[in-house]
Amino acid sequence: MRRLRSILAACACCGALCVAATALAQDKGTLRPVRVRDLSYGEVLFYFYQDDYFTALTRLLAAEDLKRIPHHEADAELLRGGLYLSLGNHNEAGAIFERLLKDQVSRGVRNRAWYYLAKIWYQRGYYDKAEATLHRIIGSLPGEMDADRRMLMAQILLREERYDDAIAELNGWRGPADWTAYAEFNLGVALVRKGRLPDAVHWLDAVGTMETDREELKSLKDKANLALGFAYLQANQPAQAKPYLERVRLDGPHSNKALLAVGWADAAEGDYRAALVPWTELHGRNLLDAAVQEAYLAVPYAFGKLNANKQAADNYTTAIGSYDAEVARLDESIEAIRAGRLLDAIVERDTTGRLGWFWQLRTLPDAPESRYLYHLLATNDFQEGLKNYRDLNFLGRVLGNWDASMSAFDDMIDTRRVAFEKRLPEVDASLARFDLERLERTRVDLESRLGTIDSTKDFVGLATAHEQDEWRRISRIEDALTAAPQDDASDEMREKARLIRGVLLWQLSDAYKARLWGERRSLHDLDAALKEAQKRWVLVERARKESPARTVEFAARVDAMKLRIAALQTRLTVMAARQNHYLQYVAVAELGQQEERLATYRIQARYELATILDRAANPEPAAAPTP
Numbered sequence: 242m243r244r245l246r247s248i249l250a251a252c253a254c255c256g257a258l259c260v261a262a263t264a265l266a267q268d269k270g271t272l273r274p275v276r277v278r279d280l281s282y283g284e285v286l287f288y289f290y291q292d293d294y295f296t297a298l299t300r301l302l303a304a305e306d307l308k309r310i311p312h313h314e315a316d317a318e319l320l321r322g323g324l325y326l327s328l329g330n331h332n333e334a335g336a337i338f339e340r341l342l343k344d345q346v347s348r349g350v351r352n353r354a355w356y357y358l359a360k361i362w363y364q365r366g367y368y369d370k371a372e373a374t375l376h377r378i379i380g381s382l383p384g385e386m387d388a389d390r391r392m393l394m395a396q397i398l399l400r401e402e403r404y405d406d407a408i409a410e411l412n413g414w415r416g417p418a419d420w421t422a423y424a425e426f427n428l429g430v431a432l433v434r435k436g437r438l439p440d441a442v443h444w445l446d447a448v449g450t451m452e453t454d455r456e457e458l459k460s461l462k463d464k465a466n467l468a469l470g471f472a473y474l475q476a477n478q479p480a481q482a483k484p485y486l487e488r489v490r491l492d493g494p495h496s497n498k499a500l501l502a503v504g505w506a507d508a509a510e511g512d513y514r515a516a517l518v519p520w521t522e523l524h525g526r527n528l529l530d531a532a533v534q535e536a537y538l539a540v541p542y543a544f545g546k547l548n549a550n551k552q553a554a555d556n557y558t559t560a561i562g563s564y565d566a567e568v569a570r571l572d573e574s575i576e577a578i579r580a581g582r583l584l585d586a587i588v589e590r591d592t593t594g595r596l597g598w599f600w601q602l603r604t605l606p607d608a609p610e611s612r613y614l615y616h617l618l619a620t621n622d623f624q625e626g627l628k629n630y631r632d633l634n635f636l637g638r639v640l641g642n643w644d645a646s647m648s649a650f651d652d653m654i655d656t657r658r659v660a661f662e663k664r665l666p667e668v669d670a671s672l673a674r675f676d677l678e679r680l681e682r683t684r685v686d687l688e689s690r691l692g693t694i695d696s697t698k699d700f701v702g703l704a705t706a707h708e709q710d711e712w713r714r715i716s717r718i719e720d721a722l723t724a725a726p727q728d729d730a731s732d733e734m735r736e737k738a739r740l741i742r743g744v745l746l747w748q749l750s751d752a753y754k755a756r757l758w759g760e761r762r763s764l765h766d767l768d769a770a771l772k773e774a775q776k777r778w779v780l781v782e783r784a785r786k787e788s789p790a791r792t793v794e795f796a797a798r799v800d801a802m803k804l805r806i807a808a809l810q811t812r813l814t815v816m817a818a819r820q821n822h823y824l825q826y827v828a829v830a831e832l833g834q835q836e837e838r839l840a841t842y843r844i845q846a847r848y849e850l851a852t853i854l855d856r857a858a859n860p861e862p863a864a865a866p867t868p
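Remember, this note's numbering sits 241 above the position in the sequence shown when you count from 1.
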């Protein structure tokens, strides 16, 4: 899981799939970093790095639909493939990888993408597609990943019963030490299934005698020894089987099968007293195990062979009672599963609130029927089906939340409609107060006046109010002096007025160019302001006319979304019911097989008990002495 998350993280940051940053620094098949340039893409990454892949995917799809990630289109599409991969949607992920993982990314990145896609195909049970995807890998993968790839290919071949191809794949294994034991075990199993027991002994015996402190490898040792023991038993060589079976740990997960097989090996050699030792040990163990169930018949069988009819009868009676009690419990469990209580209890225990490929059921609910399903729940097929059922329930909750949120959109639409109706009179009044045509005429008049001032060099026309007042005053003084008598005092006053007019005219002339430029700039600013006002006028008028239509359109979209959510909820309900029915069918079938096996054992026990009682009630007459 950690490797897949790292490959998805590199997809988000670099625009394609790769491994974690430490591995990237050491691997040539890396990608250049990409700076996030779109806010919506950053939001997607925010949810992605919290492992909330579903939310990240929905935000990514929405951002792509709204064209909000123009700088990361290729990166986003490949990230979408990675998110589909993390959620187990292998078809969508495969289509995206097929389209994008070409020359635009390095070989190392492409190899990793195909590797993880193949693993999902394998877990989903599509072995042919998993094999085809593995064949897309060019060269080798780094580190243990390449060993895992080869092991995955071998497991696919074993699943498809192509034992010769599996043997060819595993022969000459070269890989990390931790993987060697698994390779040798699978090679030995393939050889056994091809009937090449002498060749298989070399590999399985090497696994069965290896030294290790790891619990996982200890279990593998037990499986190897158990496989060899059963292979020799099937070949009618009980003496060769016993040494391998006796290597299996008494407290390991495979001890029950080993004890049963050891007993049958002793029985095959006619040593029923020795066979009673492992079978009696099994007799006290959990009756849920098939080996223990068989041991309940094997013990009285051995006593019968030893002519200990009373012990045989007592053990057959005990076996029948145990089988009857177990069948009754199985009937109750089957009824509980058919009522749907098991799956409901499993889903209720899921507190993560997220879906994805990484999820696995690791604990069972505390229910009577759970005790029968450990073997079933350990299988990949049931886990995948349960994962699908859980994902359907998750999507159902999401759609339920979305459906509930639709009322908020209805409130938004109502609020928007009320706000528009409330503001419309105020907007109309504001529009009525402004006469753009009058403002435009005023602007034209100002431009005309400025042109006349410029053409006639009317310095006074650009004077300030104070300067114009002074100019009018000096003009009135000069007019008054015109009518004054011609004497020295009047002449002196006329000269002073002329000097004042000249000084004032010089000041106006000196400031004329600067003032003319300033007025022209003000006129330019006025033009810009008028254009902006006209633009806003058009926008307000358009909004006034189009806002009701947009509100209606938005309401229609919300109604359509409600219908779509309702349709999806209906589909999800149907699909969840089908998946529930399928899982119930599988679980009930598994319990039914156990019930049939117990019923068969019960019939055998009753028949043998009846035979013993019949012999006891009708002893054969002693043979007459020979004369």
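For each residue, glycine too, the CB sits at the ideal point set by N, CA and C.
- Ala-465 sits away from Ala-482, with the two beta carbons spaced by 8 Å or more.
- Within the model, the alpha-carbon separation for Thr-814 versus Gly-641 is close to 12 Å.
- In the three-state scheme derived from DSSP, where H, G and I count as helix and E and B as strand, Pro-541 is classed as helix.
- When secondary structure is reduced to three states using DSSP, Tyr-823 falls in the helix class.
- Counting of Cβ neighbours within 10 angstroms places Ile-844 among the exposed residues, the total staying below 16.
- Listed in chain order, the non-local C-beta contacts of Leu-500 below 6 Å within the same chain comprise Pro-519, Glu-522, Leu-523, local neighbours out to five positions each way being set aside.
- Contact between Tyr-368 and Arg-400 holds: CB atoms are separated by about 5 Å, below the 8 Å threshold.
- With a cutoff of 8 Å on beta-carbon distance, Gln-534 and Arg-838 are scored as near each other.
- Two segments are said to touch when three or more pairs of C-beta atoms, one from each, lie closer than 8 Å; by this definition the region 667–685 does not touch the region 719–726.
- If one requires a minimum length of 3 residues, no beta strand (DSSP E) run lies completely within the region 478–536.
- Note on Tyr-848: under 16 other CB atoms within 10 angstroms of its CB, so exposed under the neighbour-count rule.
- Contact between the region 543–559 and the region 814–823 is absent, with fewer than three C-beta pairs closer than 8 Å.
- In the pairwise beta carbon analysis, the region 508–519 is classified as not touching the region 798–812: fewer than three pairs are separated by under 8 Å.
- In this structure, DSSP gives Phe-700 a state outside helix and strand, which the three-state scheme calls coil.
- Within the model, the alpha-carbon separation for Leu-804 versus Leu-324 is close to 27 Å.
- Judged by beta-carbon spacing, Ile-561 lies within the 8 Å limit of Leu-850, meaning their Cβ atoms are closer than that value.
- Val-430 places its beta carbon 8 Å or farther from that of Leu-469.
- Excluding sequence positions up to five before and after Asp-440, its CB lies within less than 8 Å of the CB of Leu-432, all in the same chain and listed in chain order.
- The three-state reading of DSSP puts Val-433 in helix, counting H, G and I together.
- Separation of Thr-852 and Ile-578 (C-alpha to C-alpha, rounded to the nearest whole angstrom) is 38 Å.
- Annotation: the continuous alpha helix (DSSP H) that includes Gly-283 extends over 280–289.
- Boundaries cannot be given for Glu-452, as no alpha helix (DSSP H) includes it and DSSP labels it neither H nor E.
- With a cut-off of 8 Å on Cβ pairs, the region 733–740 is not in contact with the region 674–688, counting fewer than three such pairs.
- The DSSP-derived three-state label of Leu-298 is helix.
- In the three-state reduction of the DSSP assignment, Glu-333 falls in the helix class, which pools H, G and I.
- Around Asp-406, the same chain offers Leu-398 as residues with beta carbons nearer than 6 Å, after the five sequence neighbours per side are excluded.
- The continuous alpha helix (DSSP H) containing Gln-396 extends over residues 385–400.
- The shortest CA-to-CA distance from Val-701 to any of Leu-745, Ala-730, Glu-314 is the one to Leu-745.
- Exposure of Glu-402 is indicated by the presence of fewer than 16 other C-beta atoms within 10 angstroms of its C-beta.
- Here the region 279–288 lies against the region 306–316, with 3 or more beta-carbon pairs under 8 Å apart.
- If the five residues before and after Lys-370 are omitted, its C-beta is found closer than 6 Å to the C-beta atoms of Trp-362, all from its own chain and listed in chain order.
- Rounded to whole angstroms, the gap between the alpha carbons of Tyr-404 and Arg-437 is 11 Å.
- Straight-line spacing of the CA atoms in Thr-296 and Ala-536 works out to 53 Å.
- The DSSP-derived three-state label of Lys-772 is helix.
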